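Q: Protein chains in written order, with my numbering: chain A, 32 to 393; chain B, 32 to 393.
#1: Candidates A:260, A:317, A:211: which alpha carbon is nearest residue 60 of chain A's?
#2: Give a yes or no on whether the minimum CB-CB distance between residue 229 of chain A and chain B is below 8 Å.
#3: Mind listing which residues of the segment 49-78 of chain B have their C-beta closer than 9 Å to chain A's C-betas, in chain order?
#4: Closer than 8 Å, CB to CB, is residue 171 of chain B near chain C or not?
#5: Select from A:36, A:111, A:32, A:47 the residue whose C-alpha is nearest the C-alpha of residue 277 of chain A.
#6: Please check the pair residue 169 of chain B and residue 154 of chain B, which I expect to be a contact at CB under 8 Å, by giving their CB distance rounded to whole angstroms.
#7: Under 7 Å Cβ-Cβ, which residues of chain A neighbour residue 95 of chain B?
#8: Please go through the same chain and pick out, in chain order, the residues whose beta-carbon is closer than 6 Å to the beta-carbon of residue 115 of chain A, but skip the five residues on each side of it.
#9: Have a look at residue 342 of chain A and residue 382 of chain A and give me their C-alpha separation to the nearest angstrom.
#10: Can you name the start and end residues of the alpha helix (DSSP H) that residue 19 of chain B belongs to?
#11: Going along chain B, which residues have a C-beta under 7 Å from residue 386 of chain A?
#12: So with CB distances below 7 Å, who are the chain B contacts of residue 128 of chain A?
#13: In whole angstroms, what is the alpha-carbon distance linking residue 220 of chain A and residue 195 of chain A?
#14: Taking DSSP as the reference, what is the three-state secondary structure of residue 394 of chain A?
#15: Helix, strand or coil, according to DSSP, for residue 62 of chain B in the structure here?
#16: Name the chain B residues whose beta carbon is nearer than 8 Å to that of residue 40 of chain A?
#17: Let me make sure I understand the geometry here. Which of A:225, A:179, A:227 has the alpha-carbon closest to that of residue 204 of chain A?
#18: Beta-carbon within less than 7 Å of residue 265 of chain B's beta-carbon, same chain only, minus the 5 sequence neighbours each way: which residues are those?
#19: Pull the bridge partners of residue 209 of chain A from the DSSP assignment, please.
#20: What separation, rounded to the nearest whole angstrom, lies between the Cα atoms of residue 101 of chain B and residue 176 of chain B?
#21: Are the C-beta atoms of residue 200 of chain A and some chain B residue less than 8 Å apart?
#22: I need the DSSP call for residue 82 of chain A, collapsed to helix, strand or coil.
#23: Assess, as a yes-or-no matter, whether the segment 282-292 of chain B is touched by the segment 360-368 of chain A under the definition of 3 or more beta carbon pairs within less than 8 Å.
#24: Under 8 Å, with one C-beta from each stretch per pair, do the segment 67-76 of chain A and the segment 97-111 of chain A reach the 3-pair mark?
#25: Considering residue 135 of chain A, what are the terminal residues of the beta strand (DSSP E) in which it resides?
#26: Can you pull the chain B neighbours of residue 37 of chain A, defined as C-beta to C-beta under 9 Å?
#27: On a CA-only basis, which of B:212, B:129, B:312 is nearest residue 238 of chain B? Give me that one, please.
#28: Which value, in whole angstroms, describes the spacing of the CA atoms of residue 85 of chain B and residue 375 of chain B?
#29: Do residue 91 of chain B and residue 231 of chain B have their beta-carbon atoms positioned less than 8 Å apart in this structure?
#30: Have a look at the DSSP bridge pairing and note the partners of residue 363 of chain A.
#31: Find the residues of chain A that neighbour residue 123 of chain B, judging by a C-beta separation of less than 7 Å, and give them in chain order.
#32: Run the CB neighbour count on residue 35 of chain B, radius 10 Å, all protein chains shown included, and call it buried at 16 or more, exposed below.
#33: Which of helix, strand or coil does DSSP assign to residue 380 of chain A?
#34: Mind listing the chain B neighbours of residue 237 of chain A? Cutoff is C-beta to C-beta under 8 Å, in chain order.
#35: For residue 271 of chain A and chain B, any beta-carbon pair shorter than 8 Å?
#36: Would you kindly work out how many angstroms separate the C-alpha atoms of residue 301 of chain B and residue 320 of chain B, rounded to a whole number?
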């Protein structure tokens with residue numbers, strides 16, 4: 032199968048084999064070395080000198096960890112949303128009793144930092160801003176650097192970032208941009224299976240942690256920090272996925288982050304160019320387009336569910352429909368992590384063959 | 032290494048290989064078949080016709096899921112504790128604002144159902160009882176059937192069970208004993224790596240769910256139920272561990288639960304007999320002793336940390352010290368899941384060789 036959804040993403044064969052190693056004591060010296068090495072690798076990719084913790088959960092779990100460690104019920108949060116995952120961040124904060132002001136942008140477009148400034152100016156009691164770096168549901172990358180310059184540089188608010196489909200694939204300079212917490216998951220650009228998620232925590236975030244009163248136990252950053260001092264997780268971690276991350280990080284670090292980002296930019300450009308060459312229309316502008324997931328408008332007369340189904344059954348290629356209210360309107364191609372030119376070429380050839388059969392006329 | 036801690040436990044080679052299969056779409060038809068098969072297998076092992084959900088987290092996460100889906104802040108919970116994990120259940124409930132009455136029994140002994148009755152009689156406002164089936168920290172199995180007969184049969188209270196180190200190894204008849212929620216984790220008797228956890232949910236538990244107001248998002252049983260109807264998890268699951276569980280459940284179901292329980296009883300008896308033959312004293316009575324983990328008193332003059340360290344470095348055998356206040360006083364042997372007679376024999380031989388070097392005299 033050519034797995035071209037925005038996660039889980041394909042895992043290189045040697046990483047899969049590394050993940051099949053026998054279990055070890057998660058409180059023993061072998062694990063201590065393993066978690067030390069993986070944490071160091073994560074910090075390098077995150078471009079941070081600060082804390083990064085490893086949780087056993089999905090990216091959504093890492094978002095929830097962000098909320099419950101940073102906020103108290105009643106805290107006013109500005110949630111910047113450009114799609115399903117932006118909305119999810121707001122839902123989590125609301126589930127735990129935060130007061131959320133939603134700043135929403137049309138799906139398929141990126142967030143405007145000037146609007147963020149406007150809302151912050153109008154609401155001096157806002158305590159934190161939550162924002163998606165890369166919106167998986169629409170294939171849009173926000174200009175996080177500019178948003179961070181407003182949120183941190185101009186207002187000094189707490190900045191909580193969903194980096195699930197960006198960290199390790201699209202530049203996110205955690206320390207330089209002053210991101211307080213950045214959440215991501217192992218099944219995205221890391222070339223590893225799902226099961227682990229990661230959170231960076233800045234010194235300012237630790238100050239927020241001390242004040243935050245939302246209930247937490249499993250996701251407690253304080254416990255994670257305490258155990259990491261001894262080379263452990265507080266709770267039994269997904270050891271196999273740790274093995275996979277160790278092997279995958281070795282590849283990523285050997286390649287170098289500049290090359291990794293360039294590879295993602297290049298394969299994304301190839302995907303966008305290929306779609307346009309087929310006569311398809313991209314869902315986003317060139318400026319907003321993500322380098323990890325491309326969203327394409329389902330052409331007139333073609334049914335999205337049918338397109339997805341026949342790509343899988345007739346061309347062994349797995350693509351994703353839209354999410355939420357976009358379900359029938361777009362289809363999405365994941366090209367983060369282990370995505371090779373031949374994979375995208377195969378996908379484009381399959382589309383070229385299938386689309387006319389579904390009634391598509393250029 | 033002879034990994035003889037009470038989790039993570041060794042995983043059979045073919046299960047490890049199964050876990051190394053390539054990723055699939057967690058919203059596609061292959062995953063739908065996989066989660067259907069694994070859920071059916073789980074229900075068989077749980078001896079339940081009701082719901083069982085798969086979460087990506089550790090056993091502690093499954094305990095937190097139990098609490099947040101069943102309770103509201105202020106609810107009065109009777110927590111029956113016989114060790115570290117019993118205490119943890121109380122800590123989680125308290126972290127989320129429950130009012131917890133702690134009924135504690137001496138570490139190394141089991142809970143007395145008559146005392147449970149007494150506390151329930153004295154506190155008619157108790158809403159739920161949380162209890163550990165098998166206490167990993169002390170090697171004691173509670174008489175859950177008798178406790179359930181009191182909690183459910185006599186008082187009709189909600190019964191929340193930590194079955195982390197019992198389900199799949201020690202008989203726990205979820206429906207017959209009327210357990211409302213039973214939590215467990217993949218790295219215990221299931222012969223799979225850590226990363227997934229499971230919760231059964233009874234019809235009465237669903238009634239409690241409707242009333243429960245503790246905040247929840249990632250661990251929400253309602254979302255799990257809604258997505259499972261379509262053969263999915265709400266969030267991206269640990270796919271590799273799902274593969275492992277699928278392969279391991281095939282072995283467990285082929286063996287049959289009666290045989291699986293008998294195998295655990297037999298290997299546990301061999302462990303206890305072997306320790307006594309070495310002149311060591313067990314931490315628990317024969318009646319209380321667990322069939323998944325054996326706790327042994329560290330003999331006079333021997334230092335626990337040194338024993339654990341040299342077993343690992345000189346005999347390639349990983350054993351566990353005590354936990355919490357028992358850390359230096361006992362050592363613990365895990366024999367749940369994939370534990371063969373030769374593994375226990377090797378461990379006993381190693382102890383026979385090492386103990387005299389550490390100053391042990393029979």
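Beta carbons: idealized from backbone N, C-alpha and C, even for Gly.
Bear in mind the structure is a predicted one, so any value in this text is a computation, not a measurement.
A: Put simply:
#1: For the purposes of this step, residue 60 of chain A is taken as residue 29 along the first chain, with counting starting at 1. Put simply, of A:260, A:317, A:211 the residue whose alpha carbon is nearest the alpha carbon of residue 60 of chain A is A:260.
#2: Here residue 229 of chain A refers to the residue found at position 198 when the first chain is read from its first residue. Any Cβ of chain B closer than 8 Å to the Cβ of residue 229 of chain A would place that residue at the interface, and such an atom is absent.
#3: Of all residues in the segment 49-78 of chain B, 49, 50, 51, 52, 53, 54, 55, 56, 57, 58, 59, 60, 61 have a Cβ within less than 9 Å of some Cβ in chain A.
#4: The structure shown has no chain C; the protein chains it does contain are A and B.
#5: Here residue 277 of chain A is taken as the residue at index 246 of the first chain, counted from 1. Closest by alpha carbon: A:47.
#6: Against the second chain, residue 169 of chain B aligns to sequence position 138. Against the second chain, residue 154 of chain B aligns to sequence position 123. Contact between residue 169 of chain B and residue 154 of chain B fails: their C-beta atoms lie close to 26 Å from each other, not under 8 Å.
#7: As a working mapping, residue 95 of chain B is identified with position 64 in the second chain. What residue 95 of chain B touches in chain A: 248, 249.
#8: What you label residue 115 of chain A is simply residue 84 of the first chain in a count that begins at 1. Excluding positions up to five away in sequence, the list reads 168, 354, 355.
#9: In the first chain, the residue the question calls residue 342 of chain A occupies position 311. In the first chain, the residue the question calls residue 382 of chain A occupies position 351. Roughly 8 Å between the two C-alpha positions.
#10: Nothing can be reported for residue 19 of chain B: it is not among the residues displayed for chain B, which extend from 32 to 393.
#11: Here residue 386 of chain A is taken as the residue at index 355 of the first chain, counted from 1. By Cβ distance, chain B contributes nothing, its closest Cβ being about 21 Å from residue 386 of chain A, past 7 Å.
#12: On the first chain, position 97 is the one that residue 128 of chain A refers to. What residue 128 of chain A touches in chain B, judged by beta-carbon distance under 7 Å, is 246, going in chain order.
#13: Counted from its first residue, the first chain places residue 220 of chain A at position 189. Counted from its first residue, the first chain places residue 195 of chain A at position 164. Distance between the alpha carbons of residue 220 of chain A and residue 195 of chain A is about 9 Å.
#14: Nothing about residue 394 of chain A can be read from this structure; chain A reaches only from 32 to 393.
#15: Position 31 of the second chain, counting from 1, holds the residue named residue 62 of chain B. Helix at residue 62 of chain B.
#16: Start at 1 with the first residue of the first chain, and residue 40 of chain A comes out as number 9. Simply 54.
#17: Taking the first chain and counting its residues from 1, one reaches residue 204 of chain A at position 173. Its Cα nearest to that of residue 204 of chain A, the residue A:179 stands out among A:225, A:179, A:227.
#18: Position 234 of the second chain, counting from 1, holds the residue named residue 265 of chain B. Within the same chain, residue 265 of chain B has close Cβ partners 254, 255, 258.
#19: Numbered from its first residue, the first chain carries residue 209 of chain A at position 178. DSSP, once it has assigned bridges, lists no residue as partnering residue 209 of chain A.
#20: Locating residue 101 of chain B in the second chain gives position 70, counting from the first residue. Locating residue 176 of chain B in the second chain gives position 145, counting from the first residue. Each residue's Cα considered, the two are about 21 Å apart.
#21: By 1-based counting over the first chain, the position of residue 200 of chain A is 169. No, its Cβ sits nowhere closer than 8 Å to a Cβ of chain B.
#22: In the first chain, the residue the question calls residue 82 of chain A occupies position 51. Three-state DSSP puts residue 82 of chain A in a strand.
#23: Taking a cut-off of 8 Å on C-beta distances, the segment 360-368 of chain A does not touch the segment 282-292 of chain B, as fewer than three cross pairs fall below it.
#24: Contact between the segment 67-76 of chain A and the segment 97-111 of chain A is absent, because fewer than three Cβ pairs lie under 8 Å.
#25: Working through the first chain from its first residue, we reach residue 135 of chain A at position 104. Run containing residue 135 of chain A: 130-135, per the beta strand (DSSP E) assignment.
#26: Translated into positions along the first chain, residue 37 of chain A becomes position 6. Counting only Cβ-Cβ distances below 9 Å, residue 37 of chain A has no contacts in chain B at all, with the closest Cβ about 10 Å away.
#27: One-based indexing of the second chain puts residue 238 of chain B at position 207. Ranked by Cα distance from residue 238 of chain B, the options B:212, B:129, B:312 are led by B:212.
#28: Position 54 of the second chain, counted from the first residue, corresponds to residue 85 of chain B. Position 344 of the second chain, counted from the first residue, corresponds to residue 375 of chain B. Between the C-alpha atoms of residue 85 of chain B and residue 375 of chain B there is a straight-line separation of about 31 Å.
#29: One-based indexing of the second chain puts residue 231 of chain B at position 200. One-based indexing of the second chain puts residue 91 of chain B at position 60. Not closer than 8 Å, so no.
#30: Taking the first residue of the first chain as position 1, residue 363 of chain A is located at position 332. DSSP output for residue 363 of chain A lists A:326, A:351 as bridge partner(s).
#31: The residue given as residue 123 of chain B occupies position 92 in the second chain. Result: 248.
#32: By 1-based counting over the second chain, the position of residue 35 of chain B is 4. Buried: at least 16 other Cβ atoms inside 10 Å.
#33: Taking the first chain and counting its residues from 1, the one referred to as residue 380 of chain A is at position 349. Correct three-state label for residue 380 of chain A: helix.
#34: Looking up residue 237 of chain A in the first chain gives position 206. Near residue 237 of chain A there are no residues of chain B at all, since even the closest Cβ is about 19 Å away, more than 8 Å.
#35: Within the first chain, numbered from 1, the residue matching residue 271 of chain A stands at position 240. Answer yes: the Cβ-Cβ gap between residue 271 of chain A and chain B drops below 8 Å somewhere.
#36: The sequence position of residue 301 of chain B within the second chain is 270, counting from 1. The sequence position of residue 320 of chain B within the second chain is 289, counting from 1. Computed Cα separation, rounded: 12 Å.
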